[in-house]
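Numbering (our numbering), first residue to last: 3 to 69.
No residue lacks a Cβ here, since even glycine has one placed at the ideal position from N, Cα and C.
Only a predicted model underlies this, so the values are computations on that prediction, with no experimental measurement involved.
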Amino acid sequence: MLYYPISIIIYIASGIIFLAIIYFLFCYLLSNTILYLNRQPVPKNPKDYGLEFEDVEFKTSYDVNIK
3 MLYYPISIII YIASGIIFLA IIYFLFCYLL SNTILYLNRQ PVPKNPKDYG LEFEDVEFKT
63 SYDVNIK
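Right, here's the structure in full:
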């Protein structure tokens, strides 16, 4: 049976734990950039371009107003 010194086992275990932490951190950051995009309001409307428009509101069958 092959025996390794305890320091080599600690180094290998530390490396595996470090790689696992980096992997989960990368996955967390990537999922946040995909799920929570940087949304910005639309600064202009059709009236700024000389077009006519009107605000519209719909009522659904569940009595929810959609604007």
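To the nearest angstrom, report how far apart V58 and I68 are at their CA atoms.
Roughly 8 Å separates the two Cα atoms.
Within the 7 Å Cβ cut-off, does L37 reach chain B?
Structure shown: chain B not included; a single protein chain is present.
Can you tell me which residues form a DSSP beta bridge with K61?
Bridge partners of K61: N67.
Please check the pair P48 and F55, which I expect to be a contact at CB under 8 Å, by giving their CB distance rounded to whole angstroms.
The Cβ separation is near 4 Å, so the contact holds.
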